[in-house]
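Engineer: Sequences listed follow chains Y and S, in order. Each residue of the first sequence is one higher than the last, beginning at 1 in our numbering. Each residue of the second sequence is one higher than the last, beginning at 1 in our numbering. My questions all concern the structure below.
Protein chains: 2
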Amino acid sequence: VGDSTAAERALITSKNNRKVVDIRKLRARKERELTGLFLVEGIRLVGEAVQLGADVKAIVVAPELLDSPFGRGLVETAEERGVPRLDVSAGVFASLSLREGPQGLLAVVRQRWAELGSLPPPAEESVWVALDSVQDPGNLGSILRTCDAVGASGVILIGGATDPYDPTAVRASMGSVLAQSLVRADYDGFFNWASRGGWRVVGASGGAVTDYRQADFGKPLVVLMGGERQGLPEEVLQRCDATVRIPMTGRCDSLNLAVATGVLLYEVFRQRHPPGQEMRPGRGESDPARPL
Amino acid sequence: VGDSTAAERALITSKNNRKVVDIRKLRARKERELTGLFLVEGIRLVGEAVQLGADVKAIVVAPELLDSPFGRGLVETAEERGVPRLDVSAGVFASLSLREGPQGLLAVVRQRWAELGSLPPPAEESVWVALDSVQDPGNLGSILRTCDAVGASGVILIGGATDPYDPTAVRASMGSVLAQSLVRADYDGFFNWASRGGWRVVGASGGAVTDYRQADFGKPLVVLMGGERQGLPEEVLQRCDATVRIPMTGRCDSLNLAVATGVLLYEVFRQRHPPGQEMRPGRGESDPARPL
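So, in structure tokens, the structure goes:
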């Protein structure tokens, strides 16, 4: 595979090609769960996958569309690592793509799931986010992105959650889904793990007495959030080490889930990295062109 | 209209009924801009529209679907105010609805747009958010919701922005689009207005030197955010009174726009309402069942 030349590779021009059909099926959650695979689209995200050493099972290239030298370099790197490459026409690529203005590059990647029992023991600064029944893949992706930005370890999904490997979640995560750890758990397993490991579980609730800015986000920490439709059940709040609320003065009485999680994670960040104190800069800190 | 009885009202059963077709067209931005109208769907949101005194032009009811007494009460209230009512079959309603599990209630509401020149002069606590080229209606709706929660005045849309009256934005705003002020402006008009009114404009940028937690969010304030695709242009940053960045220690070098705006607005909130200080509770503060 790795040493085939462009001339030897056949360009797939049929949307009904078996491999193309199999890849297209990965848009559906059921097929992703059956195969343990998911799709990563676009030069930036495929670049993250390759750079982070994700288990890339195949790479799909539309030579007509992929004119970026960086993108072509990625394809070469993947091929050197022995990743099978599929060349397709622009029309076939469009049938796989979920983006406007497809860039002609897509990767099939193996999902990574961790088990609570095999997570590393808490380090001093460890933070996890646990989400109860998160429904919106865009929210889940945004939360993974915030976790990544503040240096959290990952997300524990409790209850019936949306799929973090949904294309919308992958895109909203800006690749953080490839870097953050993902765990599925039920409440008994979660609280057992937390109590054995000495994790402090802080639950968010509009009915909590404590203002989040006055809470102790002692380390190691799990921030537990309710889903979009309803907050955390009372019996879950009672099992938390502490509960906090985000104060609101206006008309609206709740925040978007990703926004609320971001506000809390930046309070955790504040307690660990007070303003004015030196810290290890993130990858993007020195890049003045990045959006924020 | 107001005193017609159920027996007198005809049930519309055709999706091609002229009024139904006109209402369905309001899903498209072009038609919303032509007519100045937009759609509000669901019992909760229609309830907000009626309670906030929005200019409701028509109400669409699917009697087969609308079984909530609160929903039926809303229809009565609207009718008492002289709002025309359209009764449609469940099938016709489904052809108008963008929700799963439609509740059988929808309102056609007049958009409200304010002009910079006619905004009230700044009060001591005034906060606005200005957004450059916001693209995602979900982000815009979430930002309106956060503005509402922290008691901000509204959103100023600069450049080519998505439509705050897009159904996705309306839903993501949880009705805040009905309560917050909306303004469209270009940069010259915006900075002229800000400078004449004595507004402090703080721009967000990944390349800024000042940590947002050490910034002066002096009153009255406008928080200016770049769009999802690229940050604020350098020439715009130079016109700001101050620029701030959100620190990041992890791998990811940016946040979702709604999350970043939320983190900044809650820092503004902190400077105006320090933790532990009494404040006027919001509508939802006393409701322990609300999600957050």
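Here a beta-carbon is modelled for each residue, glycine too, at the ideal position from N, C-alpha and C.
How do the segment 173-185 of chain Y and the segment 206-214 of chain Y stand: do at least 3 beta-carbon pairs fall below 8 angstroms, yes or no?
Structural biologist: Cβ pair count under 8 angstroms is below three, so no.
Engineer: List the whole-angstrom C-beta distance separating alanine 49 (chain Y) from valine 56 (chain Y), where the pair is believed to meet the contact cut-off of C-beta under 8 angstroms.
Structural biologist: About 6 angstroms; that satisfies the 8 angstroms criterion.
Engineer: Give the DSSP-derived three-state secondary structure of isoleucine 246 (chain S) in the structure shown.
Structural biologist: Reduced to three states, the DSSP call for isoleucine 246 (chain S) is coil.
Engineer: Between aspartate 148 (chain S) and chain Y, is the shortest Cβ-Cβ distance under 9 angstroms, so that the two count as touching?
Structural biologist: Closer than 9 angstroms to some Cβ of chain Y, the Cβ of aspartate 148 (chain S) qualifies, so yes.
Engineer: Count the other CB atoms, across all protein chains shown, that sit within 10 Å of the CB of glycine 117 (chain S); report buried if there are 16 or more and exposed otherwise.
Structural biologist: Exposed: under 16 other Cβ atoms inside 10 Å.
Engineer: Taking DSSP's pairing of strands, which residues face arginine 110 (chain Y) in a bridge?
Structural biologist: In the DSSP output, where bridge partners are listed per residue, arginine 110 (chain Y) has Y:Leu37.
Engineer: Report buried or exposed for proline 275 (chain S), applying the criterion of at least 16 other Cβ atoms within 10 angstroms of its Cβ.
Structural biologist: Result: exposed.
Engineer: Checking the sheet assignment: what are the DSSP bridge partners for arginine 200 (chain S)?
Structural biologist: Answer by DSSP bridge pairing, in chain order: S:Leu221.
Engineer: For chain S, is any of its Cβ atoms less than 9 angstroms away from the one on glycine 189 (chain Y)?
Structural biologist: Closer than 9 angstroms: no.
Engineer: Could you name the residues of the segment 186-214 of chain Y whose beta carbon sits closer than 8 angstroms to any beta carbon of chain S, in the order they occur along the chain?
Structural biologist: Going along the segment 186-214 of chain Y in chain order, one finds Ala204, Ser205, Gly206, Gly207, Asp211, Arg213 and Gln214 with a Cβ nearer than 8 angstroms to chain S.
Engineer: What is the DSSP secondary structure of arginine 29 (chain Y), counted as helix, strand or coil?
Structural biologist: Correct three-state label for arginine 29 (chain Y): helix.
Engineer: Is any beta-carbon of chain S found at less than 9 angstroms from that of asparagine 256 (chain Y)?
Structural biologist: True, the Cβ-Cβ gap to chain S drops below 9 angstroms.
Engineer: Is the CB of aspartate 166 (chain Y) under 9 angstroms away from at least one CB in chain S?
Structural biologist: No, aspartate 166 (chain Y) does not count as interfacial toward chain S.
Engineer: So who's on the other strand from aspartate 299 (chain S), going by DSSP bridges?
Structural biologist: Since the first and last residues shown for chain S are 1 and 292, residue 299 (chain S) lies out of range.
Engineer: Check the C-beta distance from arginine 18 (chain S) over to leucine 26 (chain S) and give it rounded, since I have them as a contact under 8 angstroms.
Structural biologist: Not confirmed; about 14 angstroms, so no contact.
Engineer: Following the continuous alpha helix (DSSP H) through valine 92 (chain S), name the residue where it begins and the one where it ends.
Structural biologist: Here the alpha helix (DSSP H) through valine 92 (chain S) covers 90-96.
Engineer: So for alanine 294 (chain Y), helix, strand or coil by DSSP?
Structural biologist: Coverage of chain Y is limited to positions 1 through 292, which leaves residue 294 (chain Y) absent and any answer about it impossible.
Engineer: Going along the chain, which residues of its own chain have a beta-carbon closer than 8 angstroms to the beta-carbon of tryptophan 113 (chain Y), five neighbours each way excluded?
Structural biologist: Excluding positions up to five away in sequence, the list reads Leu182, Val183 and Arg184.
Engineer: Strictly under 9 angstroms for the Cβ-Cβ distance: is serine 142 (chain S) near chain Y by that measure?
Structural biologist: Chain Y, which has a Cβ nearer than 9 angstroms to the Cβ of serine 142 (chain S), makes this yes.
Engineer: Roughly how many angstroms separate the alpha carbons of glycine 138 (chain S) and glycine 154 (chain Y), rounded to a whole number?
Structural biologist: Those two C-alpha atoms are separated by around 24 angstroms.
Engineer: Any Cβ of chain Y within less than 9 angstroms of the Cβ of valine 268 (chain S)?
Structural biologist: Chain Y contact via Cβ: absent.
Engineer: Which two residues bound the contiguous beta strand (DSSP E) that contains alanine 58 (chain Y)?
Structural biologist: It spans 56-61 - the beta strand (DSSP E) in which alanine 58 (chain Y) sits, taken as one unbroken run.
Engineer: How far does the alpha helix (DSSP H) with leucine 66 (chain S) in it reach, from first residue to last?
Structural biologist: Note, leucine 66 (chain S): premise wrong, no alpha helix (DSSP H); not H, not E.
Engineer: Only counting the same chain, and skipping five residues up and downstream in sequence, which positions put a Cβ closer than 8 angstroms to that of alanine 289 (chain Y)?
Structural biologist: Per-residue confidence for alanine 289 (chain Y) stands at a pLDDT of 42, beneath the threshold of 50, marking its modelled position as unreliable; no derived number is given.
Engineer: Considering only residues of the same chain and omitting the five flanking positions on each side of arginine 72 (chain Y), which have a CB-CB separation below 8 angstroms?
Structural biologist: Answer for arginine 72 (chain Y): Leu66, listed in chain order.
Engineer: My understanding is that alanine 204 (chain S) touches glycine 226 (chain S), with C-beta atoms under 8 angstroms, so please give their C-beta distance in whole angstroms.
Structural biologist: Indeed, because the Cβ distance is near 7 angstroms, the residues count as touching under 8 angstroms.
Engineer: Hey, would you say serine 133 (chain S) sits closer than 9 angstroms to glycine 91 (chain S), going by beta carbons?
Structural biologist: Going by C-beta atoms, serine 133 (chain S) is not nearer than 9 angstroms to glycine 91 (chain S).
Engineer: Compute the Euclidean distance between the alpha carbons of aspartate 253 (chain S) and arginine 200 (chain Y), then round it to the nearest angstrom.
Structural biologist: Going by the C-alpha atoms only, they are around 27 angstroms apart.
Engineer: Does the CB of isoleucine 43 (chain S) have a neighbour CB from chain Y at under 9 angstroms?
Structural biologist: No - not a single Cβ of chain Y is within 9 angstroms of the one on isoleucine 43 (chain S).
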